[in-house]
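A.B. asks: As you go down the protein sequences, you meet chains A and E in turn.
Here the first sequence is numbered in this note's numbering, starting from 1352 and rising by one per residue.
Here the second sequence is numbered in this note's numbering, starting from 1352 and rising by one per residue.
Each residue gets a CB set at the ideal place from its N, CA and C atoms; glycine is no exception.
Please read all numbers here as calculations on a predicted model, not as lab measurements.
Protein chains: 2
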Amino acid sequence: MTAYSELMDKIKEIDLIEQINGLLGWDQEVMMPPKAASLRAEQMAWLSSSGHSKMTDSRIGDLLITLENDQKLNEIERGNVRLIRNSYDKAIKLPTDFIIEISKHRSKAMVTWTEARSKDDFSIFRDDLKKMIDLVRLEADYLGYEELRYDALLDNYESGLTVSRLDPLFKNLRENVAPLIKMVIKNGIRPNMDWVDKNNWKIPGQESLSQKVSESIGFDFAAGRRDASTHPFCGGPNPDDVRWTTRYSDTDPFGSLYGSMHETGHGLYEQGRPRELDFQPAGKANGLGIHESQSRLWENQVGRSEAFCEWSLPLWKKYFPDNMKGVSAKDLWRSVNLIEPSLIRVEADEATYNLHIMIRYEIEKMLISGDIEVDDLPKVWNEMYDEFLGISAPNNALGVLQDVHWSMGAFGYFPTYTLGNLYSAQLLNAARKELGDIEAQIRNGNFSPLLNWMRDKVHSRGSILEPALLIEEATGSLPSSDEFVDYLREKINDLYDL
Amino acid sequence: MTAYSELMDKIKEIDLIEQINGLLGWDQEVMMPPKAASLRAEQMAWLSSSGHSKMTDSRIGDLLITLENDQKLNEIERGNVRLIRNSYDKAIKLPTDFIIEISKHRSKAMVTWTEARSKDDFSIFRDDLKKMIDLVRLEADYLGYEELRYDALLDNYESGLTVSRLDPLFKNLRENVAPLIKMVIKNGIRPNMDWVDKNNWKIPGQESLSQKVSESIGFDFAAGRRDASTHPFCGGPNPDDVRWTTRYSDTDPFGSLYGSMHETGHGLYEQGRPRELDFQPAGKANGLGIHESQSRLWENQVGRSEAFCEWSLPLWKKYFPDNMKGVSAKDLWRSVNLIEPSLIRVEADEATYNLHIMIRYEIEKMLISGDIEVDDLPKVWNEMYDEFLGISAPNNALGVLQDVHWSMGAFGYFPTYTLGNLYSAQLLNAARKELGDIEAQIRNGNFSPLLNWMRDKVHSRGSILEPALLIEEATGSLPSSDEFVDYLREKINDLYDL
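(1) Indicate whether at least one CB of chain A lies closer than 8 Å to the CB of residue 1392 of chain E.
(2) Where does residue 1597 of chain A sit, in a helix, a strand or coil, going by DSSP?
(3) Quick check on this structure: which residue in E/1782, E/1557, E/1594 and E/1417 has the alpha carbon closest to the alpha carbon of residue 1575 of chain E?
(4) Taking C-beta to C-beta, are residue 1782 of chain A and residue 1804 of chain A nearer than 8 Å?
(5) Quick one: is residue 1467 of chain E near chain A, going by C-beta distance under 8 Å?
(6) For the beta strand (DSSP E) that contains residue 1541 of chain A, what are its first and last residues?
(7) Who pairs with residue 1506 of chain E in a beta bridge, going by DSSP?
(8) Assuming residue 1460 of chain E contacts residue 1483 of chain E (C-beta within less than 8 Å), just tell me the rounded distance between them.
(9) Would you mind stating whether residue 1511 of chain A and residue 1830 of chain A have Cβ atoms separated by less than 8 Å?
(10) Which parts of the segment 1778 to 1842 of chain E are runs of the alpha helix (DSSP H), unbroken and 4 residues or longer, counting only runs that do not cross its ends?
(11) Using a beta-carbon distance below 8 Å, is residue 1632 of chain E in contact with chain A?
(12) Looking at residue 1706 of chain E and residue 1529 of chain E, is the spacing between their C-beta atoms short of 8 Å?
(13) Please list, in chain order, the chain E residues whose beta carbon lies closer than 8 Å to that of residue 1370 of chain A.
(14) Beta-carbon within less than 7 Å of residue 1725 of chain E's beta-carbon, same chain only, minus the 5 sequence neighbours each way: which residues are those?
(15) How would you write the range of the alpha helix (DSSP H) that residue 1578 of chain A sits in, first residue to last?
(16) Threshold first: 4 residues or longer. Then list the alpha helix (DSSP H) segments lying entirely within the segment 1450 to 1506 of chain E, N to C.
(17) Just the C-alpha distance for residue 1550 of chain E and residue 1623 of chain A, rounded to the nearest angstrom, thanks.
(18) The alpha helix (DSSP H) spanning residue 1729 of chain A covers which residue range?
(19) Bridge partners for residue 1589 of chain A per DSSP, in chain order?
(20) At the level of alpha carbons, what is the spacing between residue 1641 of chain E and residue 1354 of chain E?
(21) Run the CB neighbour count on residue 1846 of chain E, radius 10 Å, all protein chains shown included, and call it buried at 16 or more, exposed below.
(22) Between which residues of its own chain and residue 1579 of chain E is the CB-CB distance below 8 Å, once the five residues before and five after are set aside?
(23) Name the DSSP bridge partner or partners of residue 1603 of chain A?
(24) Comparing alpha-carbon positions, which option in E/1620, E/1662, E/1498 and E/1515 lies nearest residue 1812 of chain E?
(25) Please specify which runs of the alpha helix (DSSP H), each continuous and at least 4 residues long, are wholly inside the segment 1404 to 1452 of chain E, giving them in chain order.
(26) For residue 1517 of chain E, which residues in chain A fall below 8 Å Cβ to Cβ?
(27) Counting pairs of Cβ atoms below 8 Å between the segment 1515 to 1535 of chain A and the segment 1788 to 1799 of chain A, do you hit three or more?
(28) Going by CA-CA distance only, name the one from A/1585, A/1612 and A/1631 that's closest to residue 1639 of chain A.
(29) Tell me the residue span of the alpha helix (DSSP H) that contains residue 1372 of chain E.
(30) Would the segment 1560 to 1574 of chain E and the segment 1381 to 1396 of chain A be scored as touching if the rule is three or more Cβ pairs under 8 Å?
(31) Could you tell me whether the Cβ atoms of residue 1652 of chain A and residue 1696 of chain A are closer together than 8 Å?
(32) With residue 1648 of chain E and residue 1664 of chain E assumed to form a contact (beta carbons below 8 Å), what rounded beta-carbon distance in angstroms separates them?
(33) Would you say residue 1397 of chain A reaches chain E, if we count a Cβ-Cβ gap shorter than 8 Å as a contact?
(34) Starting from the Cα of residue 1618 of chain E, find the closest Cα among E/1603, E/1656, E/1588 and E/1737 and give me that residue.
(35) May I ask you to report which of helix, strand or coil DSSP gives residue 1679 of chain A?
(36) Look at the alpha carbon of residue 1645 of chain E and the alpha carbon of residue 1658 of chain E, and state the distance between them as a whole number of angstroms.
Shown next, in the form of structure tokens:
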């Protein structure tokens, strides 16, 4: 057996453990009865600790050294070696005691965060958040970094991501998107939302619409499922078994459909992974930024386009004949693109969304570097919302307490949401150069050229390249926010006749 | 750490693996999309092989020897040591090559059996069945036995079960139940099934009835689920997460309800396990015979009693107001107790069911001993059906090919179905002595005295004792078929005024 095949056998076992953990995680959110939580935690902890002990096997370190000195590896083999080195180093750099401590603290902090948010009392969460900040600072120090401590955390969610890459992207958004939004507000035009707000939207109709749209885009339900859950997500063990969820409200039909398109986008990426690289890191999806580019593409660039509204209007009318009486494709398009500053990130529109992220990014940078501390958070949060979105939260529940991420210690995660938006604009432009009139294809319900382009340029390339290099390979340019800003400017001009 | 606690730590890990495999197995039958089958098999194979390698750890053998010489162990500790010895010996007696071979052959034989049954062509399955018989004979030889080779296989499904224990039980059934059935046929009375056959039974009504009955009996849906699947079963990972299924047909309302009561019975047993013995073999359900006693108790002794029909009639009328017009509790009772010889085991009534099992038991004895060979099967099968049930199958699909068990190598499994029926009659009689008028309790929907008695005498005793000794402890008598024969004779007299 060669060093390479020995290494890949070890990695296959770790991958199977992750697949199983993926299924258990899905089941926990979607199917598990409430009393099962504590034994489920034991099952998942056993899987994680088995995976961790296999990943820290010193034989993997030896094999990596051998292979890093092997000049004959091909592109995929080099990709695998790079990715395994990354995981191995991360696994051995974090002491087992630390992993146990932060994972226990995660469970505790999620409980106090939930309570703090529901009671709108920051002080309930304050001590656990402070400790979590200390722990992630420590985590960053264990992992190591070249320039900034925050870089070590960013790298957890997109390989190679740094502040020096992100700062110019966010600067551009701040300087160009914030004024666009101010223009919309000043303009004063607001789409007519009466037909949406004044109707009751029956759940079975929403389910049929979600299912039909997801199938039409190309999701393979013989290799996946649609279910309902409190927090929509896309999970499951592997490309043959991709499971996404959405949620339904009878007062809002857009949440379930656009949630479905978002998660379908994630699901399509998973289903499109290169199957000859099953069980290999190079065959996996390439980090959270690229993943989000696929979900945002179908949710926003496609799903909120006028062409898509024209194609989907007959479906809307089929499933909601009474509610949709007299509603035109243009009405639908304007309503699904309502732009207005709001307090809650997950409900934000395409334009304001990235300012929510930018605020969190700036705050995280300052928190991790130590420029601000936990007690500064509510004040800094409110000042930034006032400055960039022109609104302020009446309380902390609608402000600094709204997101779960910090209670989980997931600092460095938020920026990948915005990266996804930027990448999706770049990818769509690149696809358009090859595919021609994508809008006409969408208007006819012909989604396969766009999907096939993504399969070819993104999905099938797995994680062979670093994410930024994959974007460059697919689009001809390194990550940039210019194309997203152009896309948004044009869309807002169309919507508001500015 | 003492030897005992060291052993229990090792066993806990194996138990967690089994819990996870239990969840994956449930998901496979109920949720998994079709394309996921092959990677699911890899996940489950990895779990099984991890469990097997942990179970064959020679340190477990050393610890067992130490503990078997320890005079200070209490009843539970002795139970655990006995059960772990049993599992350890079985695990080390079967060579890894053999385990791989039989498990691969199982997958292959299940495919050819499915094809043979659907095409009604025994020859398609013949070679794989022959090989499977050879493999289970070999398995029995590896495992070892005192009297008969078949004993080694019986012990896989109920600890301590042997032909010398089973023969007298089946002899009694053959001599007493077969004539009862002949009397019913001769008598010629058949309940009016028109109200059942001529109605359409809407699935949502059946679902509500299943749910309501299961809740009323005592199943805790905060620690379990009800779903639909092709083959009803009760599974899931642990007592906090017990998942049973049923299946619905719009032409037959009894299949779903009695399937639900059957699986609820299994589920109640799982939910009633002694929680202070979590992760310990002594805390688990005590083999298939006792398990089946719990499912059969609620399905038949309770569910097909006149008292239960009186209690449940208002529910039937609530969920099927039109279909149930003019149907009395007595009509319902007679219809759910239709007794007539039929070809298919899983559709057989309470009286004829055990003759189906007896036939399979006699055939398995002869097959495993070598008294008959694979090519004798169709002929022997048909002769026995003719002799004991007075019917003959028009083809092998409705005859010798009907059950999946032999394709899985599960020889020795069938007898536990009948043991369950016998045990349930013994247990119900013993409970009656303490609880008084159980029928009156059932008529009032007061199921908790009976459930609590089972909790106390059976569920909470886990596997501390051998199954036969548990029956003796709970009922005062060793396993016997007398009480079941009496129960059946009395019921048939009531139903047919013989």
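C.D. replies: Judging by the given coordinates:
(1) For the purposes of this step, residue 1392 of chain E is taken as residue 41 along the second sequence, with counting starting at 1. Not one chain A Cβ lies under 8 Å of residue 1392 of chain E.
(2) Within the first sequence, numbered from 1, the residue matching residue 1597 of chain A stands at position 246. Strand.
(3) Indexing the second sequence from 1 puts residue 1575 of chain E at position 224. When each option's Cα is compared against that of residue 1575 of chain E, the closest is E/1594.
(4) Along the first sequence, one-based indexing puts residue 1782 of chain A at 431. Along the first sequence, one-based indexing puts residue 1804 of chain A at 453. Yes.
(5) If you number the second sequence from 1, residue 1467 of chain E lands on position 116. With 8 Å as the cut-off, residue 1467 of chain E does not count as an interface residue toward chain A.
(6) One-based indexing of the first sequence puts residue 1541 of chain A at position 190. That residue, residue 1541 of chain A, is in no beta strand (DSSP E); it is neither H nor E in DSSP.
(7) Numbered from its first residue, the second sequence carries residue 1506 of chain E at position 155. Paired residue(s): none; residue 1506 of chain E is not in a bridge.
(8) Residue numbering aside, residue 1460 of chain E sits at position 109 when the second sequence is read from its first letter. Residue numbering aside, residue 1483 of chain E sits at position 132 when the second sequence is read from its first letter. Indeed they touch by this definition, with Cβ atoms about 5 Å apart.
(9) Your numbering for residue 1511 of chain A matches position 160 in the first sequence. Your numbering for residue 1830 of chain A matches position 479 in the first sequence. The Cβ atoms of residue 1511 of chain A and residue 1830 of chain A do not sit closer than 8 Å to each other.
(10) 1789 to 1794, 1799 to 1808 and 1818 to 1826
(11) Residue numbering aside, residue 1632 of chain E sits at position 281 when the second sequence is read from its first letter. It does not; no Cβ of chain A falls within 8 Å.
(12) Walking along the second sequence from the start, residue 1529 of chain E turns up at place 178. Walking along the second sequence from the start, residue 1706 of chain E turns up at place 355. In contact: residue 1529 of chain E and residue 1706 of chain E (Cβ atoms closer than 8 Å).
(13) Taking the first residue of the first sequence as 1, we reach residue 1370 of chain A at position 19. Within 8 Å Cβ-Cβ: 1390 and 1394.
(14) As a working mapping, residue 1725 of chain E is identified with position 374 in the second sequence. For residue 1725 of chain E, where only same-chain residues beyond five positions count, the Cβ hits under 7 Å are 1477, 1480, 1481 and 1484.
(15) Counting from 1 along the first sequence, the entry for residue 1578 of chain A is found at position 227. First-last for residue 1578 of chain A: 1575 to 1579, but that is the beta strand (DSSP E), not the alpha helix (DSSP H).
(16) 1473 to 1494 and 1500 to 1505
(17) What you label residue 1550 of chain E is simply residue 199 of the second sequence in a count that begins at 1. What you label residue 1623 of chain A is simply residue 272 of the first sequence in a count that begins at 1. Going by the C-alpha atoms only, they are around 48 Å apart.
(18) Here residue 1729 of chain A is taken as the residue at index 378 of the first sequence, counted from 1. Residue 1729 of chain A -> alpha helix (DSSP H) spans 1728 to 1740.
(19) Looking up residue 1589 of chain A in the first sequence gives position 238. Note: residue 1589 of chain A sits in a beta bridge opposite A/1592.
(20) Residue 1641 of chain E sits at position 290 when you count from the first residue of the second sequence. Residue 1354 of chain E sits at position 3 when you count from the first residue of the second sequence. In a straight line, the C-alpha of residue 1641 of chain E is about 31 Å away from that of residue 1354 of chain E.
(21) Looking up residue 1846 of chain E in the second sequence gives position 495. With 16 or more other Cβ atoms within 10 Å, it is buried.
(22) Locating residue 1579 of chain E in the second sequence gives position 228, counting from the first residue. In its chain, beyond the 5 residues on either side, 1381, 1596, 1597, 1598 and 1599 have a beta carbon closer than 8 Å to the beta carbon of residue 1579 of chain E.
(23) Numbered from 1 along the first sequence, position 252 holds the residue referred to as residue 1603 of chain A. For residue 1603 of chain A, which the question treats as bridged, DSSP gives the partners A/1600.
(24) Position 461 of the second sequence, counted from the start, is the residue given in the question as residue 1812 of chain E. Here the closest residue by C-alpha is E/1620.
(25) 1409 to 1419 and 1426 to 1444
(26) Start at 1 with the first residue of the second sequence, and residue 1517 of chain E comes out as number 166. By Cβ distance, chain A contributes nothing, its closest Cβ being about 36 Å from residue 1517 of chain E, past 8 Å.
(27) no
(28) Taking the first residue of the first sequence as position 1, residue 1639 of chain A is located at position 288. Taking only the C-alpha atoms, the option nearest residue 1639 of chain A is A/1585.
(29) The residue labelled residue 1372 of chain E in the question sits at position 21 within the second sequence. Residue 1372 of chain E -> alpha helix (DSSP H) spans 1354 to 1381.
(30) yes
(31) To locate residue 1652 of chain A, count along the first sequence from 1; it is residue 301. To locate residue 1696 of chain A, count along the first sequence from 1; it is residue 345. The Cβ-Cβ distance between residue 1652 of chain A and residue 1696 of chain A does not fall below 8 Å.
(32) Here residue 1648 of chain E refers to the residue found at position 297 when the second sequence is read from its first residue. Here residue 1664 of chain E refers to the residue found at position 313 when the second sequence is read from its first residue. Their Cβ separation, rounded to whole angstroms, is 21 Å, which puts residue 1648 of chain E and residue 1664 of chain E out of contact at 8 Å.
(33) What you label residue 1397 of chain A is simply residue 46 of the first sequence in a count that begins at 1. Yes, contact with chain E.
(34) Mapped onto the second sequence, residue 1618 of chain E falls at position 267. Across the set E/1603, E/1656, E/1588 and E/1737, the C-alpha of E/1588 shows the shortest separation from the C-alpha of residue 1618 of chain E.
(35) The count along the first sequence starts at 1 and reaches residue 1679 of chain A at position 328. Residue state, collapsed to three classes: coil.
(36) Looking up residue 1645 of chain E in the second sequence gives position 294. Looking up residue 1658 of chain E in the second sequence gives position 307. Each residue's CA atom was taken as its position, placing residue 1645 of chain E and residue 1658 of chain E some 19 Å apart.
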